[in-house]
Amino acid sequence: MIPALCIILSFQLIGEVAARGLGLSLPGPVLGLLLLVLSCSLRPPLADLLRPVVGTLLGNLSLFFVPAGVGVVAHLSQFRQDGIAIAIAVMVSTVLAIAVGALVFRAVLKWTGGSEQ
Amino acid sequence: MTDAALIWSYLTQEPLLWLTATLVAYWLGDTFFRRMDRQSWANPVLTAVIVLALLLGVTGTSYQTYFEGAKFVHFMLGPATVALGMPLYDNLKRLRCSALPLVAALLAGSLTAILSVLLIARTFGLSDIMLASLAPKSTTAPVAIGIAEGLGGDPTITAVLVLLTGIFGAIVATPVLNALKIRDWRARGFSLGVAAHGIGTARAFQVNETAGAFAGIGMGLNAVLTAIIAPLVLRLFL
């Protein structure tokens, strides 16, 4: 567990340092994510070493955004004021994104001669 | 017998109380979610947030005090984001088989999610901070919070918006995709993962294994893409 944690934290650390050092708009952990994909592709045994800890982290992923979610109490007045506009924006945009993504997938699949599954 | 006020003042100064409360609230939420047969609306994070918000209100505790304890849980978002690379790595092979439709759907879905939410928010005259907080709403929470921080948005608002997006997406996906007569499980899952991240992915897995796997790919790819394009798109609106 400790070696896996060291590697995951190091990926994040390298990501944070690189993002800040190079002035990238990408969050450090996202660079860490890419680093993990790249490292596992180059050295497949690494994936097996990381898998148990990754499983634990992803299995409890929802827990980790509870503290940020509770932050809504600090913004209740704002949500009360703009609540309807925010709700419409989120709902319409989500429906559009699902529809456009799926329609484009189907169109390009047909265009490239693939068959539906 | 020590004064209860003294014990309370100890508890408010140490992280122990609110760290414990966060875990217990999530445990409650998760139990409720399982009891409700994992229905999207019974999202465990939503339950935990409501329980904790009520608790903070009743005890008159500020968010800052709460966060002193909860920050240990919050910190785990970073390593969890790195860990999201694993399902992406596991699915690389499936990705290659239908690469072109996937890339096109990713670009279209991701751009639609960001552009449309900003357009509507701007039309309603929402503030710049709210726009920056809304832009990454379709991305998985740990990444969205990082993006919002970088854009000058409010990460706590983003966390709530991401949650609402996921829950709403999970609920409407099946009727919307049926109405459009999309039958391909890859298309159904992938578009849901792109638009509604982890909560959408969990929903896709309930419906179909292939849809779930492709939703996971969509979520992972969109996390990276949104981090790159959200700052560029947002610039058009500020």
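Order-wise, the sequence lines are chains A and B. Each number in the working numbering comes from the position in the first sequence (counting from 1) with 54 added on. Each number in the working numbering comes from the position in the second sequence (counting from 1) with 1175 added on. Glycine included, every Cβ here is placed at the ideal spot set by N, Cα and C.
Between the Cα of A/Met55 and those of A/Pro121, A/Leu115, A/Pro106, spot the shortest distance and give me the residue it belongs to.
With distances taken between Cα atoms, A/Met55 lies closest to A/Pro106.
Using the three-state DSSP reduction, which class does B/Glu1243 fall into: helix, strand or coil?
DSSP places B/Glu1243 in helix when its eight states are reduced to three.
Does any CB atom of chain B fall closer than 8 angstroms to the CB of A/Leu147?
First, the amino acid is wrong: residue 147 of chain A is Ser here, not Leu. With 8 angstroms as the cut-off, A/Ser147 counts as an interface residue toward chain B.
Go ahead and pull the three-state DSSP assignment for B/Asn1397.
In the structure shown, B/Asn1397 sits in a helix (DSSP, three-state: H, G or I).
Going straight from the alpha carbon of A/Leu117 to that of B/Ile1374, what length do you get?
Roughly 13 angstroms between the two C-alpha positions.
Mind listing the chain A neighbours of B/Met1211? Cutoff is C-beta to C-beta under 8 angstroms, in chain order.
Per Cβ cutoff of 8 angstroms: no residues; B/Met1211 is ~15 angstroms from chain A at best.
Identify which residue in A/Ala141, A/Val146, A/Lys164 has its Cα closest to the Cα of B/Val1351.
Among A/Ala141, A/Val146, A/Lys164, the Cα nearest to that of B/Val1351 belongs to A/Val146.
Does the pairing of the stretch 1351 to 1366 of chain B with the stretch 1186 to 1200 of chain B give three or more beta-carbon distances under 8 angstroms?
Not touching, per the Cβ criterion.
Quick one: list the residues of chain A neighbouring B/Ile1357, beta-carbon separation under 7 angstroms, in chain order.
Per Cβ cutoff of 7 angstroms: Ala156, Arg160.
Hey, how far is the Cα of B/Gly1391 from the Cα of B/Trp1183?
B/Gly1391 and B/Trp1183: Cα-Cα distance of roughly 44 angstroms.
For the stretch 1298 to 1316 of chain B, which residues have a CB atom closer than 7 angstroms to at least one CB atom of chain A, in sequence order?
From the stretch 1298 to 1316 of chain B, only Phe1299, Leu1301, Met1305, Leu1309, Lys1312, Ser1313, Ala1316 have a Cβ closer than 7 angstroms to chain A.
Would you please verify whether the beta carbon of A/Cys94 is less than 8 angstroms from any beta carbon of chain D?
Checking the listed chains, one finds no chain D in this structure; the protein chains it contains are A and B.
List, in chain order, every chain B residue whose beta-carbon is nearer than 8 angstroms to that of A/Ala72.
Chain B residues near A/Ala72: none, gap ~13 angstroms exceeds 8 angstroms.
Going by C-alpha distance, which of A/Val120, A/Ala73, A/Leu67, A/Ile138 is nearest B/Phe1247?
Closest option to B/Phe1247, Cα to Cα, is A/Val120.
For B/Val1257, go through chain A and note every residue whose CB falls closer than 7 angstroms to its CB, in chain order.
By Cβ distance, chain A contributes Ile62, Phe65, Gln66, Pro83, Gly86, Leu87, Leu90.
Within 8 angstroms (strictly less), CB to CB, does B/Ile1295 reach chain A?
At least one chain A Cβ lies under 8 angstroms of B/Ile1295.
Just the C-alpha distance for A/Val108 and A/Leu63, rounded to the nearest angstrom, thanks.
A/Val108 and A/Leu63: Cα-Cα distance of roughly 12 angstroms.
Taking its Cβ as the centre, do 16 or more other Cβ atoms sit within 10 Å of B/Gly1393, making it buried, or is it exposed?
Its Cβ being crowded by 16 or more others within 10 Å, B/Gly1393 is buried.
For B/Ala1307 versus B/Gly1321, is the C-beta spacing smaller than 8 angstroms?
For B/Ala1307 and B/Gly1321, no; Cβs fall outside 8 angstroms.
Select from B/Leu1192, B/Trp1202, B/Leu1281, B/Phe1380 the residue whose C-alpha is nearest the C-alpha of B/Leu1231.
If we check each option's Cα against that of B/Leu1231, B/Leu1192 comes out closest.
Helix, strand or coil: how does DSSP classify B/Lys1312 here?
If DSSP states are grouped into helix, strand and coil, B/Lys1312 belongs with coil.
DSSP three-state label for B/Arg1213, please.
B/Arg1213 falls in the coil class under three-state DSSP.
For the alpha helix (DSSP H) containing A/Ala161, list its first residue and its last residue.
First-last of the alpha helix (DSSP H) with A/Ala161: 130 to 165.
Could you compute how far the alpha carbon of B/Val1318 sits from the alpha carbon of A/Val154?
Near 23 angstroms, if we compare the C-alpha coordinates of A/Val154 and B/Val1318.
Taking 8 angstroms as the threshold (C-beta atoms), are B/Val1233 and A/Val126 in contact?
Contact flag unset, no.
Since B/Leu1396 and B/Arg1378 are thought to touch, with beta carbons under 8 angstroms apart, how far apart are those beta carbons, to the nearest angstrom?
No, B/Leu1396 and B/Arg1378 are not in contact; Cβ-Cβ is about 18 angstroms, not under 8 angstroms.
Chain A beta carbons: is any one of them nearer than 8 angstroms to that of B/Ala1388?
Not closer than 8 angstroms to any Cβ of chain A, the Cβ of B/Ala1388 fails to qualify, so no.
In the stretch 1268 to 1327 of chain B, which residue ranges form an unbroken alpha helix (DSSP H) of at least 4 residues, counting only runs that do not cross its ends?
Listed in chain order, the complete alpha helix (DSSP H) runs (minimum 4 residues) inside the stretch 1268 to 1327 of chain B are 1274 to 1298, 1303 to 1309, 1316 to 1326.
Within 10 Å of its beta-carbon, does B/Val1369 have 16 or more other beta-carbons around it, so buried, or fewer, so exposed?
It counts as buried.
Which residues in the same chain have their Cβ closer than 6 angstroms to the Cβ of B/Thr1222, if we skip the five residues on either side of it in sequence?
Excluding positions up to five away in sequence, the list reads Gly1204, Phe1207.
Can you give, in chain order, each stretch of the alpha helix (DSSP H) that sits fully within the stretch 1321 to 1394 of chain B and has at least 4 residues?
Runs of the alpha helix (DSSP H) inside the stretch 1321 to 1394 of chain B: 1330 to 1354, 1360 to 1382.
Which residue wins for smallest C-alpha separation from A/Thr166, given the options B/Ala1296, B/Leu1293, B/Leu1277, B/Ala1288?
Cα-wise, what sits closest to A/Thr166 is B/Leu1277.
Smallest Cα separation from B/Tyr1264: which of B/Ala1388, B/Ile1404, B/Leu1411?
Taking only the C-alpha atoms, the option nearest B/Tyr1264 is B/Ala1388.
How far does the alpha helix (DSSP H) with B/Leu1231 in it reach, from first residue to last?
Residues 1219 to 1234.
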